[in-house]
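Remember, the working numbering sits 145 above the position in the sequence shown when you count from 1.
Written out below as structure tokens is the structure these notes cover.
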Amino acid sequence: MARYISDLETDGLLDQVTKIHCAVLKDIDTGEVRGFRPHEIDKYLDIASKAELIVGHNWISYDHEVLKKLHGWDYPASQVRDTLILGRLVYPDIKQSDFKRYERWKPYAKTDLGCSTTYPDGISHVPPRFDGNLIGAHSLKAWGQRLGNFKGDYKGGWETFSEDMFSYMLQDAEVTYDLYKKLMAQQPSEQSIVLEHRVAWLCAQMERNGFPFDVHKASELYAQLSNEREGLRRELVGLFPNWKVRLPDFVPARDNKTKGYVKGEPVERWKEHEFNPASRKHIADRLIDKYGWEPKVFTQERIKDEDGTWIQPGSPKIDDEVLNSLPYPEAKKLARYFLIEKRIGQIAEGNEAWLKVQKNGKIHARYNTNGAVTGRATHSKPNISQVPRISSPFGRECRELFHVPSGWVQIGADQSGLELRCLASDMASFDGGAYGKIVTTGDVHTANQQAAGLTTRDQAKTFIYAFLYGAGPEKIGSIANGGAGKGRQLRDAFLKKTPALNKLINAVKTAARRGWIKGIDGRKLPVRSEHAALNTRLQNSGAIICKQWIADYEDALVAQGLKYGWDGDFVFLSWSHDEAQVAVKDDPKLIEIVSKTAVDTGRMAGEPYGFNCPLDVEFKIGRNWAECH
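Dropping the structure here:
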């Protein structure tokens with residue numbers, strides 16, 4: 146049986162596609178290329194259906210679904226390799242090397258040499274082309290430039306077949322072939338390849354099914370928040386009167402009796418400003434002017450202000466957290482305004498606002514299943530992981546918008562205490578599982594409190610997560626109302642009482658000196674600094690456990706005879722790190738199966754990786770997201 150690179154050209158996106166214009170199969174082992182024009186698609190299907198392996202770029206989310214939609218063709222998922230998924234797995238930090246590529250290319254980009262779409266023959270000092278807008282991208286175009294085998298630039302339309310389109314497709318197959326060879330030459334672990342593809346299939350299906358969204362209720366919440374925002378705006382404008390800023394003097398080139406100008410004599414110019422409570426520049430300026438505020442926290446990168454101008458790094462940081470910490474009477478109102486503005490942005494006015502991206506009452510959020518260097522997924526259109534938790538202001542109202550249809554119930558399940566279980570698993574090599582016993586059967590936060598010498602259990606909870614996420618001495622010290630010295634004292638005391646953790650940290654740092662550490666499924670995780678190594682390892686472990694869990698969760702439900710889909714028994718609604726939301730038909734037997742399976746598969750998710758700490762899953766049943774988390 147043959148292994149093929151496959152590509153299609155069609156007349157539209159998945160929800161609009163009506164025909165396949167052409168297809169190609171390139172034999173990975175022999176290099177033979179076969180192209181199929183419109184009248185030969187059945188022949189393509191016949192040959193491809195007998196393949197041992199199909200490799201394509203974005204094949205899981207698009208090509209496969211087109212074939213299924215138009216021809217009822219459902220190729221086995223286990224026999225597919227998607228170079229989009231593989232690229233993100235093998236090169237999760239591609240952005241770092243892309244910056245270097247672009248900097249080398251940038252001086253030539255606007256020259257005649259830079260206009261070339263191929264390597265300039267015989268001019269060795271000209272670096273390979275790499276466009277700045279492709280930095281960090283895993284598109285076929287970006288990979289074509291990295292590989293020096295450029296993707297074609299088809300200018301025609303997509304309504305009808307053309308030979309130019311056919312040639313464009315053949316070149317795409319060549320780029321995909323080169324990319325697959327490059328990726329597999331890096332020898333990614335088979336375990337990581339299989340896992341990432343299983344999760345990609347699940348998330349692609351989840352995107353298509355969507356999460357039901359209450360548009361009417363969202364519109365009402367938007368109206369409520371807009372009214373409060375306007376009231377706050379008026380109040381804040383009154384609290385900060387208009388002020389004038391002097392502009393550069395105007396020097397008339399000639400006399401103007403009407404305006405009183407005299408040639409060569411400077412004229413003062415002033416601009417009056419009305420306070421804008423959404424402007425970070427205005428807030429910082431007025432607080433400094435009115436109270437002599439001395440900012441303690443500054444921006445690390447440039448951000449766009451309300452008026453579209455950029456706030457440069459090193460400017461006073463303005464957000465609801467900073468404002469809430471200030472003693473000035475206006476600060477709390479400003480913080481409230483920022484909060485309201487943020488919620489309105491999420492619901493209605495932001496670029497990815499829920500009311501803007503919903504289609505027919507459903508949110509079809511996108512998942513980049515390996516979007517972070519650590520292996521965690523990232524989310525967009527909208528970022529489903531940023532829906533506020535119910536303990537946050539307006540969190541309950543926001544989560545209530547995400548619901549299940551009539552006749553269905555929602556089951557929300559999440560891994561319990563995952564970060565500390567991942568830590569305990571790695572520490573088991575040094576303490577025989579002692580810390581894991583405290584995590585699973587004792588009170589780990591009290592134990593950490595005693596080890597670090599902290600005053601309260603709540604301080605210990607904040608401390609351990611700050612410690613694991615790489616917080617510095619000053620941040621750790623602030624937990625106990627101290628500075629950097631206090632932070633170092635807490636850290637040293639904790640490590641002295643937890644020697645297994647100290648040994649683990651040193652072991653991970655040693656491994657990180659080669660520039661990467663190994664994840665629990667064998668993947669290579671790039672590490673930019675030794676102090677970030679433990680955090681990278683723990684985040685990856687949690688990500689892998691959760692990916693294994695949700696993939697096993699779905700497979701186990703199907704194996705028990707349940708049908709996936711809104712025309713079936715269950716639907717995955719969302720996945721955000723350690724939490725999965727699933728809709729299930731309102732049937733007691735089905736509810737019991739789905740909830741039990743969530744727990745069973747979650748507890749076993751660590752077994753393929755020799756995970757050294759017991760896992761557990763908690764779940765809630767309700768009618769919307771607020772009731773299930």
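Don't be surprised by glycine CBs; every beta carbon is placed ideally from N, CA and C.
Notebook entry, point to check: Can you tell me whether DSSP reads G687 as helix, strand or coil?
Noted result: helix
Note to self: With a threshold of 8 Å on Cβ separation, who are the neighbours of Y299 within its own chain once the five nearest residues in sequence on each side are excluded?
What the structure shows: Cβ neighbours of Y299 within its own chain (closer than 8 Å, five residues either side excluded): D309, M310, Y313.
Note to self: For the region 330–346 against the region 527–534, do three or more pairs of beta-carbon atoms, one drawn from each stretch, fall closer than 8 Å, so that the two count as touching?
What the structure shows: no
Check: Expressed to the nearest angstrom, what Euclidean distance is found between the alpha-carbon atoms of G581 and G562?
Finding: 11 Å
Check: Given E724, which residues of its chain have a CB within under 6 Å of its CB, disregarding the five upstream and five downstream residues?
Finding: These residues qualify, in order along the chain: D559.
Notebook entry, point to check: Expressed to the nearest angstrom, what Euclidean distance is found between the alpha-carbon atoms of N469 and K477?
Noted result: 5 Å
Check: Using a Cβ-Cβ cut-off of 6 Å (strictly less than) and excluding sequence neighbours within five positions of K131, which residues of its own chain qualify?
Finding: Residue 131 cannot be examined here, being either before or after the span of the chain that is shown, 146 to 774.
Checklist line | CB contact flag (D191, I205, <8 Å) | finding: no
Margin query: By the DSSP assignment, the alpha helix (DSSP H) with D571 in it spans what residues?
Written below: Looking at the DSSP string, the run of the alpha helix (DSSP H) that includes D571 is 563–576.
Checklist line | For I165, three-class secondary structure by DSSP | finding: strand
Item checked: Three CB pairs or more closer than 8 Å across the region 407–418 and the region 451–462 -> no
Check: If we cut at 8 Å on Cβ distances, does L702 have a partner in chain B?
Finding: The chain labelled as chain B is not found in the depicted structure, where only one protein chain is given.
Next item on the list: Note down, in chain order, each residue of its chain lying with its Cβ closer than 6 Å to the Cβ of G385, except the 5 sequence neighbours on either side.
Entry: Before going further, note that residue 385 is Phe rather than Gly in the sequence given. Excluding positions up to five away in sequence, the list reads F420, R431.
Next item on the list: Kindly provide the ranges of any alpha helix (DSSP H) runs that are 4 or more residues long and lie completely inside the region 619–650, ordered along the chain.
Entry: 629–642
Note to self: Taking the beta carbon of Q594 as the centre, do at least 16 other beta carbons fall within 10 Å, making it buried, or is it exposed?
What the structure shows: buried
Checklist line | F764, DSSP secondary structure in three states | finding: strand
Next item on the list: Decide if the region 371–381 is in contact with the region 746–764; the criterion is three or more beta carbon pairs, one per stretch, under 8 Å apart.
Entry: Short answer: they don't touch.
Next item on the list: Take E352 and list the residues in its own chain whose beta-carbon comes closer than 8 Å to its own, dropping the five residues that flank it on each side.
Entry: The beta carbon of E352 sits closer than 8 Å to those of S206, H509, A510, R511, Y512, all from its chain and outside the five residues before and after it, given in chain order.
Notebook entry, point to check: If we ignore side chains and look at the alpha-carbon of each, how far apart do I268 and G687 end up?
Noted result: Per-residue confidence for I268 stands at a pLDDT of 49, beneath the threshold of 50, marking its modelled position as unreliable; the derived number appears in the next sentence. Answer to the nearest angstrom: the Cα atoms are 48 Å apart.
Notebook entry, point to check: Can you tell which of R291, T643, S284, S424 has the C-alpha that lies nearest to the C-alpha of P272?
Noted result: R291
Next item on the list: Please name the residue or residues paired with H418 in a DSSP beta bridge.
Entry: W388
Note to self: Please report the distance separating the alpha-carbon of G767 from that of A616.
What the structure shows: 37 Å
Next item on the list: Use the C-beta contact count for Y436: other C-beta atoms within 10 angstroms, 16 or more gives buried, fewer gives exposed.
Entry: Burial call: exposed.
Item checked: Whole-angstrom distance between K441 and R391, CA atom to CA atom -> Distance between the alpha carbons of R391 and K441 is about 28 Å.
Note to self: Could you check whether T163 and D156 sit closer than 8 Å to each other, using their CB atoms as the reference points?
What the structure shows: Taking 8 Å as the Cβ cut-off, D156 and T163 qualify as a contacting pair.
Checklist line | L613 versus G277: straight-line alpha-carbon distance, rounded | finding: 34 Å
Check: Of all the options L683, I650, G301, which has the alpha carbon lying nearest to the alpha carbon of G664?
Finding: L683
Notebook entry, point to check: Which residues in the same chain have their Cβ closer than 6 Å to the Cβ of W770, if we skip the five residues on either side of it in sequence?
Noted result: R544, F547
Next item on the list: Leaving out five residues on either side along the sequence, give the residues of the same chain with a beta carbon under 6 Å from the beta carbon of V744.
Entry: Result list for V744: V762, in chain order.
Notebook entry, point to check: Just the Cα atoms here: how many angstroms apart are Q491 and L347?
Noted result: 26 Å
Notebook entry, point to check: If we ignore side chains and look at the alpha-carbon of each, how far apart do E699 and K296 end up?
Noted result: Going from the Cα of E699 to the Cα of K296 covers about 36 Å.
Notebook entry, point to check: Are the beta-carbon atoms belonging to L212 and L328 less than 8 Å from one another?
Noted result: no
Notebook entry, point to check: How many Å lie between G516 and R668 at the Cα?
Noted result: 14 Å
Check: On the three-state DSSP scale, how would you describe G587?
Finding: The three-state secondary structure of G587, taken from DSSP, is coil.
Item checked: Proximity below 8 Å, CB of V235 to CB of Q336 -> no
Check: With DSSP run on the structure shown, which of helix, strand or coil describes L377?
Finding: helix
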